Amino acid sequence: MGWLYWYFWVIVVGFEAVAGGKVLNYWFPAPLWLCSLCLMVLMTTTNLFSVSSFGEFEFWFAGIKVATIVIFLGVGTAFVLGFLPGHGMDLANLSAHGGFFPKGVGAVFAAIVVVIFSMVGAEVVTIAAAESRDPQRAIQRATNSVVARIAIFFVGSVFLVVVILPWDSVELGASPYVAALKHLGLPAAAQIMNAVVLTAVLSCLNSGLYTASRMLFVLADRREAPALLVKVSRRGVPHIAILCSSAVGFGCVVMAWLAPGTVFLFLLNSSGAVILFVYLLIALSQIVLRRRTPAEKLRVKMWLFPALSILTVAGIIAVLVQMAFDSTARTQLWLSLLSWSVVVAVYFVAKVATRRPLRGV
């Protein structure tokens, strides 16, 4: 499972570098590959410097994102409640333009796949919390804060967008937040949102490289990867694991330039559903290990166990089934299954070759 998780995140690193390069093209007409490589160099250097530098970058990235969302929530709520000049309280868009579920319940299930993938990476805060002074307390606080942030910032902002704009008025490929800000009369909405998007992309790139390198370090520490990867620098940073992970990201950027419709697309699709497989295995493992662990040793407990854990497993399986029937997501599912099969095959080959069980694939 560790190698699958690492594979997912190194591909994400490359993808986010390309996405960030496209955002930079909005202001700087430089070649896409050059902008992407510059972002890769910047984030690799940041991660190599120290753990605190990673935290500093994430602090400011998160601060910008949170401040923007809070302002949007405040202005949007004032608009909806009729506090802004020239506007009265109006919730008509929730039921107009075809009413609730205008495309049927099936469209909701199709959208769930996209929503799930937009939430991927929320667990990174727990990985970073493990390097704090009190990991158990930090992980508990981080987990609770993630749930609250999703409920307020994500659900709240999407609710306001739907109330402010008719759902069928947003152009395909255009940002609904930009459209909502323009509707509110905010000048330079596109400029503001592009800056925020760049911040979000850099944050994901930074976190992805951090997560991938730590996963590779753990694999090496458990003798499931070359021992060289477990070395750390004078600053306590696993520099070799970072360089190896970033090398794959650099490779993805090069492939996005040389073969965007073949190799790069294959890499994206072959890692698309991998994270769901990892989440599924984590949920199943949590159910088994929770039952085996004495109650007095549980410092951080899963809410509503085992009902919520079982519901999580059922939800992930439902999403995978939905992907199998969705023509736009089916390729990701099959290629991700191929990636899983390759890792499992390598696991058994290594097991036979070494004649000893390997802990976790």
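Our numbering puts the first residue of the sequence shown at 79, with every later residue one more than the last.
Glycine included, every Cβ here is placed at the ideal spot set by N, Cα and C.
Everything numeric in this text was worked out from a predicted model, so none of it was measured.
- Query: Is residue 79 helix, strand or coil when you go by DSSP?
  - Reply: Within the sequence shown, residue 79 is the residue found at index 1, counting from 1. Note: residue 79 maps to coil in three-state DSSP.
* To do: Go ahead and label residue 92 buried or exposed: buried means 16 or more other beta carbons lie within 10 angstroms of its beta carbon, across all protein chains shown.
  => As a first step, residue 92 must be located in the sequence shown, where it is residue number 14. Answer is buried; the Cβ neighbour count reaches 16.
*Would you say the beta carbon of residue 101 comes nearer than 7 Å to a heavy atom of the ligand MG?*
Within the structure as shown, the ligand MG is missing, as the structure has no ligands at all.
Checklist entry - Can the beta-carbon of residue 394 be found closer than 8 Å to that of residue 357? => result Numbered from 1 along the sequence shown, position 316 holds the residue referred to as residue 394. Numbered from 1 along the sequence shown, position 279 holds the residue referred to as residue 357. Yes, Cβ-Cβ distance for residue 394 and residue 357 is below 8 Å.
Can you give the Cα-Cα distance for residue 115 and residue 341, rounded to whole angstroms?
One-based indexing of the sequence shown puts residue 115 at position 37. One-based indexing of the sequence shown puts residue 341 at position 263. Going from the Cα of residue 115 to the Cα of residue 341 covers about 18 Å.
Once DSSP output is grouped into helix, strand and coil, what is the label at residue 370? What you label residue 370 is simply residue 292 of the sequence shown in a count that begins at 1. Three-state result, residue 370: helix.
Using three-state DSSP, classify residue 271 as helix, strand or coil.
-> In the sequence shown, residue 271 corresponds to position 193, counting from 1. Of the three classes helix, strand and coil, the one that applies to residue 271 here is helix, per DSSP.
Note to self: For the structure I just gave you, are there three or more beta carbon pairs, one from the region 117–135 and one from the region 284–297, closer than 8 Å?
What the structure shows: A contact exists between the region 117–135 and the region 284–297.
- Message: Considering only the alpha carbon of each residue, which of 385, 388, 347 lies closest to residue 413?
- Response: Here residue 413 refers to the residue found at position 335 when the sequence shown is read from its first residue. It is 347.
Of the residues 101, 131, 162, 103, the one placed nearest residue 264, counting alpha carbons only: One-based indexing of the sequence shown puts residue 264 at position 186. If we check each option's Cα against that of residue 264, 162 comes out closest.
Report task. Let me know if residue 45 comes out buried or exposed under the rule of 16 or more other beta-carbons within 10 Å of its beta-carbon. Result -> The chain is shown from 79 up to 439; residue 45 falls before or after that span and cannot be answered.
Exercise. Considering residue 171, what are the terminal residues of the alpha helix (DSSP H) in which it resides?
Worked result: Here residue 171 is taken as the residue at index 93 of the sequence shown, counted from 1. Segment: none, residue 171 is in no alpha helix (DSSP H) and carries neither H nor E.
Item checked: Integer Cβ distance of residue 308 from residue 295, believed to fall under 8 Å -> Locating residue 308 in the sequence shown gives position 230, where the first residue counts as 1. Locating residue 295 in the sequence shown gives position 217, where the first residue counts as 1. Going by Cβ atoms, the distance from residue 308 to residue 295 rounds to 6 Å, so yes, they are a contact pair.
Problem set entry | CB contact flag (residue 125, residue 320, <8 Å) | To locate residue 125, count along the sequence shown from 1; it is residue 47. To locate residue 320, count along the sequence shown from 1; it is residue 242. The answer is yes: Cβ separation under 8 Å.
Extent of the continuous alpha helix (DSSP H) run through residue 391: Against the sequence shown, residue 391 aligns to sequence position 313. Here the alpha helix (DSSP H) through residue 391 covers 385–403.
**OP:** Taking 8 Å as the threshold, find out whether the region 385–394 comes into contact with the region 362–372 through three or more Cβ pairs.
**Re:** Because the criterion of three Cβ pairs below 8 Å is met, the region 385–394 and the region 362–372 touch.
Whole angstroms is fine: what's the gap from residue 243's alpha carbon to residue 172's? Residue 243 sits at position 165 when you count from the first residue of the sequence shown. Residue 172 sits at position 94 when you count from the first residue of the sequence shown. When only Cα atoms are considered, residue 243 and residue 172 end up about 9 Å apart.
* Return the residue from the list 187, 353, 275 that minimises the CA-CA distance to residue 195. => The sequence position of residue 195 within the sequence shown is 117, counting from 1. Among 187, 353, 275, the Cα nearest to that of residue 195 is on 353.
N-terminal and C-terminal residue of the alpha helix (DSSP H) that residue 196 is part of:
Mapped onto the sequence shown, residue 196 falls at position 118. Residues 183–196.
- [ ] Counting only the same chain and skipping the five closest in sequence on each side, list residues whose C-beta sits under 6 Å from that of residue 410.
- [x] The count along the sequence shown starts at 1 and reaches residue 410 at position 332. If the five residues before and after residue 410 are omitted, its C-beta is found closer than 6 Å to the C-beta atoms of 347, 350, 351, all from its own chain and listed in chain order.
*asked:* Would you call the region 179–195 in contact with the region 266–275, where contact means no fewer than 3 C-beta pairs closer than 8 Å?
replied: no
So residue 317 is in the alpha helix (DSSP H); what residue range does that whole segment cover? Residue 317 sits at position 239 when you count from the first residue of the sequence shown. Element bounds for residue 317: 317–336.
Go through its chain and collect everything with a Cβ distance to residue 311's Cβ below 8 Å, but skip five positions before and after it.
-> Residue mapping note: residue 311 aligns to position 233 of the sequence shown, counting from 1. For residue 311, the CB contacts under 8 Å within the same chain, skipping 5 residues up- and downstream, are 126, 317 in chain order.
request  = Just confirm the distance between the C-beta atoms of residue 280 and residue 139, as a whole number of angstroms; I'd bet it's less than 8 Å.
outcome  = Here residue 280 refers to the residue found at position 202 when the sequence shown is read from its first residue. Here residue 139 refers to the residue found at position 61 when the sequence shown is read from its first residue. At roughly 6 Å, the Cβ-Cβ gap stays under 8 Å, so residue 280 and residue 139 are in contact.
Distance between residue 148 and residue 231 (C-alpha atoms, nearest Å)
Sequence index remark: in the sequence shown, residue 231 carries index 153 (1-based). Sequence index remark: in the sequence shown, residue 148 carries index 70 (1-based). C-alpha separation (whole angstroms): 8 Å.
Using C-beta distances below 8 Å, list every residue in its chain close to residue 191, excluding the 5 sequence neighbours before and after it, in chain order. Numbered from its first residue, the sequence shown carries residue 191 at position 113. If the five residues before and after residue 191 are omitted, its C-beta is found closer than 8 Å to the C-beta atoms of 397, 400, 401, 404, 407, all from its own chain and listed in chain order.
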